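One structure is given below, encoded as structure tokens.
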Amino acid sequence: MAVVLTKDSKVVVQGATGHQGTFHIGAMKTFGTNVVAGVTPGKGGQSVHDIPVFDSVQEAVKETGADVSLVFVPAPFAKDAVLEAVDAGVKTVIVITEHIPVHDAMDFVNYAKAKGVTLIGPNCPGAASPGENIKVGILPGMIFEPGPIGIASKSGTLTYEIVNALTEAGIGQTTCLGLGGDPCQGTNFIEALELFQADDETKGIVLVGEIGGTAEEEAAEYIASGKVTKPVYAYIAGRTAPEGKKMGHAGAIVQGDKGTAESKQKAFEAAGVKVAKFPTDIAQFVKADLGSA
Amino acid sequence: MKLLEYQGKQLFRDAGIPIPKGAYLPSLDTFDTIKDRLSYPAVVKAQVLIGGRGKAGGIQFADNDAEAKAQAKKIIGMDIKGHEVKSVYIEEKLDIDRELYVSCLIDRTTRKTLMLFSAEGGIEIESVPEDKIAKVYIDPLTGFSQFHARQALAVLPDGYSKDERKQLAKMLGQLYDAFRSFDCELLEINPLAITKDGQVIAADSKAIINDAAKFRQKKFEEEASEYTELEKEANAQGIAFIQLDGTIGVIANGAGLTMATLDALNEYGGNAGVFLDLGGTDDPDQVARAMRLMKKAKPSLILVNLFGGITKCDTVAKGIREVFEKEGLDCPVVTRIKGTNEKEAKEILKDAGFITTNTLQDAAKKCSELEKQQIKEVA
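These protein sequence lines are chains A and B, in that order. Going by the working numbering, the letters in the first sequence line up with residues 41 to 333, in that order. Going by the working numbering, the letters in the second sequence line up with residues 1056 to 1434, in that order.
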């Protein structure tokens, strides 16, 4: 089994008729994702790549049994879209949208939590479980191979780079979770570790972190507490980022002496996590361990 | 967006939080227009986005209009830690008895609002012992409730009157509501003053409004920016662009990958001067806009690191080549391309006379060598 997304997942896409929605419904279908519905208020009755479009998530869930929602809705309307999806009873919501006001994210993250819904993102590339033939989001399909590694990441392209290096080294993936680069995340590293630790197929876990906040340090503490028995590997971006600058992601900022790559690296190493100097080194680490196992 | 003190005070006033009587003086020649709103003794305060202005001489006192104007003249134009003072805020001098601290911020770990409250204010909160600070977490689903105020005020030592406690509790609720309704990332009152006659009043303000919420927070204009002119130009075009100390321009797609590229460069001794994240685009116009910004930053050489997924490498490569040819950008370019259509992209870049490498490490090494060579040539 993979985590979050399996071959049984039925996906509804919110913001289906926009440029991004339309393109990625096609790309997801090609990968094997079971996209069952689209939602764009006012465009019910249309279709995108033969997928029916509904006016509301409630209607889409009722008609198609969708249990995963993918949100492409523009930032000013994203909160409303996520609340609607959670209210409609889906189990998982994946939010791609970037630049969502942080108070909106805080609202829908807490609402999803209260309702027992898994929320991934916002400002993330989505998730993929290659062995289950499903990807939900904007991740490029061709980099994935089924295999034993679970990945959780704050970044998009950097994750593709690392996944691609794993695949080229002959190491496949159970699930890749793009957690997003915003300060308020629906799913954080600890929650991703819990998921991968509980998944029998996952034999090793890769965390791709970056400067800002303390999610990496908290993950390290969680690993050190003995709750994660699988090997964990990490890469941290932003070792040379200056203090006080947001490095492209809303959450990627060193404030005073807080949120530095150095602190994260130290915490990981103290917890027995191997930290790579260059992104593609991760693949070599994993290969060396799996080879000797 | 960081607000100046006087803007933060306006925000407080809108939220019902008591502030000292005062007036903003945008320039010396408008002094006569604010005269009626001043009361003495007064404090004349430099409006800058940096702490420690008092020590730097940016806070002065005045007993009448003539003195206030003279102090304003002294402060405007002053340089405080690299920040030029352009304006002052003049407000009544409070007769302060005690200084407290309160702030709201977003706690990433709990994903809730964190309110920090302490009876020890007027100094940096980092220097206050942990056990003297109340940490109150507020769930957005419930909002602020009276028990939150009780949790906060529990750190107050003896000697606070019932009325003072009541005023404080009310202010904490108002601060939380303002934090939410103005889309703040940080809202701080330090010091939160209690005057000799028992009035609770916000003596200073620090406010950061979430950039992502700018579309609905139109009340405050950005008056002092921490960004360079080029960075501002880039922001307006939706391009993540940061100027750094070195001279090598780094272009990559995705914030994480761009950071990783800076780090790799640094491992080999190279010094990045520009962080440019192209984002997930292969739109030639956006690539061209990004390259024009890079040109304006006058890099000594450029490192391009692309990973193509949905984004096609060759389309991006074409965009980069075009700007070089059309705009006459001439400096060495080291490239490293991986992913969708990488072969085609490499050919395009090679034809354009760029250096192509196979790994990020090789590219970083090459840049560092070229940089050293350039430094030698100049010397």
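A virtual CB, placed ideally from N, CA and C, is assigned to each residue, including glycine. A quick note: this is a predicted structure, and the numbers were derived from the prediction, not measured.
Using a C-beta to C-beta distance shorter than 8 Å, which residues of chain B count as neighbours of residue i?
| i | result |
| --- | --- |
| I140(A) | A1267 |
| G221(A) | A1310, G1311 |
| P116(A) | F1270, R1271 |
| V248(A) | G1311 |
Could you name the residues of chain B that residue i contacts, counting a contact when the two beta carbons are closer than 9 Å?
| i | result |
| --- | --- |
| N173(A) | Within chain B, no residue comes near N173(A); the closest Cβ sits about 18 Å away, beyond 9 Å. |
| T254(A) | R1163, T1164 |
| G66(A) | In chain order: nothing, as chain B lies at least about 11 Å away. |
| A168(A) | What A168(A) touches in chain B: nothing, since even the nearest Cβ is about 11 Å away. |
| A292(A) | A1310, G1311, M1314 |
Is residue i near the ligand FAD, in the sense that its beta carbon is under 7 Å from a heavy atom of that ligand?
| i | result |
| --- | --- |
| D1194(B) | Absence of the ligand FAD is noted for the structure shown, with no ligands found whatsoever. |
Mind checking whether residue i and residue j have CB atoms under 8 Å apart?
| i | j | result |
| --- | --- | --- |
| V1099(B) | I1145(B) | yes |
| V43(A) | A106(A) | no |
| I189(A) | V246(A) | yes |
| E1438(B) | G1176(B) | Nothing about residue 1438(B) can be reported from this structure: the residues present for chain B run from 1056 to 1434 only. |
| K50(A) | V88(A) | no |
| A1258(B) | A1248(B) | yes |
| N1308(B) | T1390(B) | no |
| C1159(B) | T1168(B) | yes |
| S1423(B) | G1301(B) | no |
| I1072(B) | L1230(B) | yes |
| K1129(B) | L1083(B) | no |
| Y148(A) | V122(A) | Reading the sequence as shown, one finds Phe at residue 148(A) and not Tyr. Result yes, Cβ atoms of F148(A) and V122(A) sit closer than 8 Å. |
| T1395(B) | G1363(B) | yes |
| N1321(B) | T280(A) | yes |
| G1311(B) | L198(A) | yes |
| G1113(B) | A1101(B) | yes |
| K1064(B) | S1260(B) | yes |
| R1344(B) | I1306(B) | no |
For residue i, return the contacting residues in chain A, with the cut-off set at a CB-CB distance below 7 Å.
| i | result |
| --- | --- |
| D1238(B) | P141, H143 |
| R1068(B) | The premise fails here: R1068(B) is roughly 21 Å from chain A at the closest Cβ pair, so nothing lies under 7 Å. |
| E1322(B) | K317 |
| R1108(B) | Correct list: empty, because the minimum Cβ distance to chain A is about 17 Å. |
May I ask which residues mark the beginning and end of the alpha helix (DSSP H) holding residue i?
| i | result |
| --- | --- |
| D1369(B) | 1368 to 1382 |
| P116(A) | 115 to 127 |
| M1349(B) | 1339 to 1351 |
| A1315(B) | 1310 to 1322 |
| C1386(B) | No alpha helix (DSSP H) holds C1386(B); DSSP gives it neither H nor E. |
| F148(A) | 142 to 154 |
| M1170(B) | Unbroken run through M1170(B) is the beta strand (DSSP E), 1167 to 1173; no alpha helix (DSSP H). |
| A1070(B) | 1060 to 1070 |
| E1021(B) | Since the first residue of chain B shown is 1056 and the last is 1434, residue 1021(B) is not available in this structure. |
| L235(A) | 229 to 238 |
Spatial neighbours of residue i within its chain, please: C-beta separation below 7 Å, excluding the five flanking residues on both sides.
| i | result |
| --- | --- |
| A1019(B) | Lying outside 1056 to 1434, the shown extent of chain B, residue 1019(B) is not represented and no answer is given. |
| Q1206(B) | A1189, V1191 |
| I1105(B) | I1135, K1136, H1138 |
List, in chain order, every chain A residue whose beta-carbon is nearer than 8 Å to that of residue i.
| i | result |
| --- | --- |
| P1195(B) | H143, M146, D147, N150 |
Taking 6 Å as the limit between beta carbons, can you name the residues of its chain near residue i, skipping five residues before and five after?
| i | result |
| --- | --- |
| A333(A) | Legend: pLDDT at A333(A) = 47, less than 50; position of this residue unreliable, value from coordinates given subsequently. Nothing listed; no residue qualifies. |
| K146(A) | What sits at residue 146(A) in the sequence shown is Met, not Lys. So the list reads C224, once near-sequence residues are dropped. |
What in chain A is Cβ-close to residue i, meaning under 9 Å?
| i | result |
| --- | --- |
| L1317(B) | A277, G278, R279, T280, A281, M287 |
| I1297(B) | A281, P282, K285, K286, M287, G288 |
| L1160(B) | Correct list: empty, because the minimum Cβ distance to chain A is about 10 Å. |
| R1205(B) | Correct list: empty, because the minimum Cβ distance to chain A is about 22 Å. |
First and last residue of the beta strand (DSSP E) that includes residue i?
| i | result |
| --- | --- |
| I1357(B) | 1356 to 1363 |
| G66(A) | That residue, G66(A), is in no beta strand (DSSP E); its alpha helix (DSSP H) goes 59 to 71. |
| K314(A) | 314 to 316 |
| D1300(B) | Careful: D1300(B) lies outside any beta strand (DSSP E) and carries neither H nor E. |
| E258(A) | E258(A) -> not in any beta strand (DSSP E); alpha helix (DSSP H) instead, spanning 255 to 262. |
| N1245(B) | 1239 to 1250 |
| K175(A) | 174 to 177 |
Excluding five sequence neighbours on each side, which residues of the same chain lie with their C-beta closer than 8 Å to the C-beta of residue i?
| i | result |
| --- | --- |
| E258(A) | N228, F229, I230 |
| S1094(B) | K1076, E1147 |
Check the Cβ of residue i against every Cβ in chain B and list those closer than 7 Å, keeping chain order.
| i | result |
| --- | --- |
| A154(A) | L1196 |
Along chain E, in chain order, which residues have C-beta atoms closer than 7 Å to that of residue i?
| i | result |
| --- | --- |
| D1332(B) | Annotation note: the requested chain E is absent from the structure, which comprises protein chains A and B. |
Taking a Cβ distance cut-off of 7 Å, strictly less, list which residues of the stretch 1347 to 1366 of chain B are near chain A, in chain order.
-> F1362, G1364, I1365
Contact list for the stretch 258 to 269 of chain A against chain B, Cβ threshold 7 Å = E258
Give the residues from the stretch 175 to 209 of chain A that approach chain B closer than 8 Å (Cβ to any Cβ), ordered along the chain.
-> I178, L179, P180, M182, I183, S193, K194, S195, G196, T197, L198, T199, Y200, E201, N204
What residues in the stretch 316 to 329 of chain A bring their beta carbon closer than 8 Å to a beta carbon of chain B?
-> Result list: K317, F318, P319, T320.
Quick one: which residues of the stretch 223 to 235 of chain A get their C-beta closer than 7 Å to a C-beta of chain B? List them in chain order.
-> P223, C224
Residues within the stretch 1381 to 1400 of chain B neighbouring chain A, beta-carbon criterion of under 8 Å | Per Cβ criterion, the list reads K1393, G1394, T1395.
Chain A contacts from the stretch 1164 to 1178 of chain B (Cβ-Cβ distance under 8 Å) | T1164, R1166, K1167, T1168
Going along the chain, which residues of the stretch 1408 to 1431 of chain B sit with their C-beta nearer than 8 Å to a C-beta in chain A?
-> T1414, L1415, Q1416
Anything in the stretch 1334 to 1346 of chain B with a Cβ closer than 9 Å to a Cβ of chain A? List those residues in chain order, please.
-> G1334, G1335
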